[in-house]
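Here is the structure we will look at.
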Amino acid sequence: MKLAIVSDLHIGCDRFAEDALAQAKEALELASAQADAILLAGDIFDKRFPKPDVIADAIDLFRPLADRQWPAKVESFTSKSNKVYTKLPVIAISGTHERTAEGRDNPLGLLGLAGFLIDTSEATTIIEKDGERVAIFGLGGLSEDHVREKMEELDPKPVSGAFNIFMFHQSVYEILPFNEGFIRYDELPKGFDLYLCGHIHSRIEASVHGRKLLIPGSTVLTQFKEAEQEKKGFMIFDTSTYTYNFKYINSRRFVVKELHFDGATPTAVTESCEAAIEQSLADGKDKPIIKLNLKGSIGAGFSGADLGLHAIAAKYSNKAVLNIDSSKLTSPEIDGSTEAIRDGKFGGMSVKERGMSILYEKLKEHKFESADTQKLFEMLSDTSNKEKVLKSVLEFLSAQQ
Ligand SMILES: [Mn+2]
């Protein structure tokens, strides 16, 4: 059986709403033309409570799939809570973006109720074509602290006489090794022939319990992550050969460039940014998404505000979607003052002493030099009741005149 594996369509994402819809449409059209069934690994919607126009877009997107004569048919559906309203072999799970409180409807479930797909979250769907059976157990996206408990409770088991797929939507430690809480390959249930995962937006092939783990990545860019510069698309997996092809869609080009500076002037920063943008534009005629990561330092006497990054973004607004990250670009002044704050020292004074001396200067400026600075400082440091503080400070000051 030929199975299209599509994931993370993010219909209704704010940043690239048109791209999300157009690219999802192309992926689903190609998938339904080339595969016997479609498996969707979560995050079909970008939000758990999408607006009605987003739900309408999704219905328009899925309706043509319902009109197709599919080579594969749904043979059975086993679930504790979900119901099934179609025989279409369009099998989905909910992702982390669609997750609602237990027992509450989520937008993916609505598409299930409408009969456009089967929500196989925490359920097993068996599809059949010419005597071949494929069983899909789905585990919708869960928070990291619930996933182990849920897997233990559900205890997913392969179905005998079928090609078994475990489809889930989680961060996996071996792929994202920065959180010990993420599940690991060896914690996934054993005995399945193929593991499919959504959630991770770049394309990955790995091995779990000696079988393939496939992640097709998202069909749209939602964050500006460097790993997402590859063209987007989906996979078609063939159960008879245990191989897959990646099918590209016309996704908007995404370019990430890193620029290093060493005591540069704002003019030099602007010139380098513009050169990098021009170079990225020269690669094609589309309107790419360009992310510039600025690193290193700008010269003494300049601050981030001098860089004029907004002017660059405005200049290229018709040619590119720009994202310029200058958070890693430091200036000597900022460095000096943050270091002082960190160390709690200003010219040998503690933060409190420094605060008192500023307050004294200000009092002197406003002819209150005879006031007890220490007493006023303590009154102002009281964070319990702002109104009470204001009242007592005003009383204190008027008593000084
Ligand atoms: Mn996602």
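202 is the number that our numbering gives to position 202 of the sequence shown; each next residue is one higher, with no gaps. Note that the Cβ used here is the ideal one computed from N, Cα and C, for glycine as well.
When you compare only the Cα positions, how much space is there between residue i and residue j?
i, j, result
"GLU274", "GLU102", "50 Å"
"LEU214", "ASP119", "20 Å"
"ASP43", "SER7", "7 Å"
"SER327", "LEU294", "8 Å"
"THR383", "VAL389", "8 Å"
"GLU152", "ASP238", "30 Å"
"ASN323", "LEU292", "6 Å"
"LYS352", "SER381", "10 Å"
"ASP155", "LYS47", "29 Å"
"ALA22", "ASP36", "22 Å"
"SER143", "LEU188", "15 Å"
"ARG63", "LEU329", "49 Å"
"GLU72", "ASP130", "Looking at the sequence itself, residue 72 is Ala, so the reference to Glu does not match. Distance between the alpha carbons of ALA72 and ASP130 is about 8 Å."
"GLU122", "SER79", "7 Å"
"PRO266", "LYS150", "54 Å"
"SER280", "VAL255", "7 Å"
"ILE277", "LYS225", "17 Å"
"ARG184", "TYR173", "5 Å"
"GLU75", "PRO89", "10 Å"
"ALA320", "SER160", "53 Å"
"ASN179", "ASP145", "12 Å"
"GLN170", "PHE45", "16 Å"
"SER357", "GLN400", "19 Å"
"ASP444", "ASN385", "Outside the displayed range of the chain (1 to 401) lies residue 444, so it cannot be described from this structure."
"THR373", "GLY301", "34 Å"
"ALA17", "PRO216", "20 Å"
Residue i by DSSP, collapsed to three states: which one?
i, result
"PHE178", "coil"
"PHE396", "helix"
"ARG15", "coil"
"TYR185", "helix"
"LEU9", "coil"
"TYR316", "coil"
"SER160", "coil"
"MET167", "strand"
"GLU205", "strand"
"THR219", "coil"
"THR371", "Sequence inspection shows Ala at residue 371; the Thr mentioned does not correspond to that position. Of the three classes helix, strand and coil, the one that applies to ALA371 here is coil, per DSSP."
"ALA22", "helix"
"SER331", "coil"
"TYR173", "coil"
"ILE38", "strand"
"PHE49", "coil"
"LYS190", "coil"
"ILE324", "strand"
Note down, one range per segment and in chain order, each alpha helix (DSSP H) of at least 4 residues found wholly within the segment 62-144. 107-113
Does the structure place the segment 26-42 close enough to the segment 244-259 that three or more beta carbon pairs sit under 8 Å? yes
Using 8 Å as the Cβ pair cut-off and three pairs as the minimum, do the segment 266-281 and the segment 304-311 touch? yes
Alpha helix (DSSP H) runs wholly inside the segment 221-309, at least 4 long, in chain order: 266-282
Those residues, in chain order, that have a beta-carbon closer than 5 Å to some heavy atom of ligand 3: For ligand 3, the structure offers nothing, since it holds only ligand 1.
Can you confirm whether the segment 179-194 touches the segment 156-164 when touching is taken to mean that 3 or more C-beta pairs between the two stretches lie within less than 8 Å? yes
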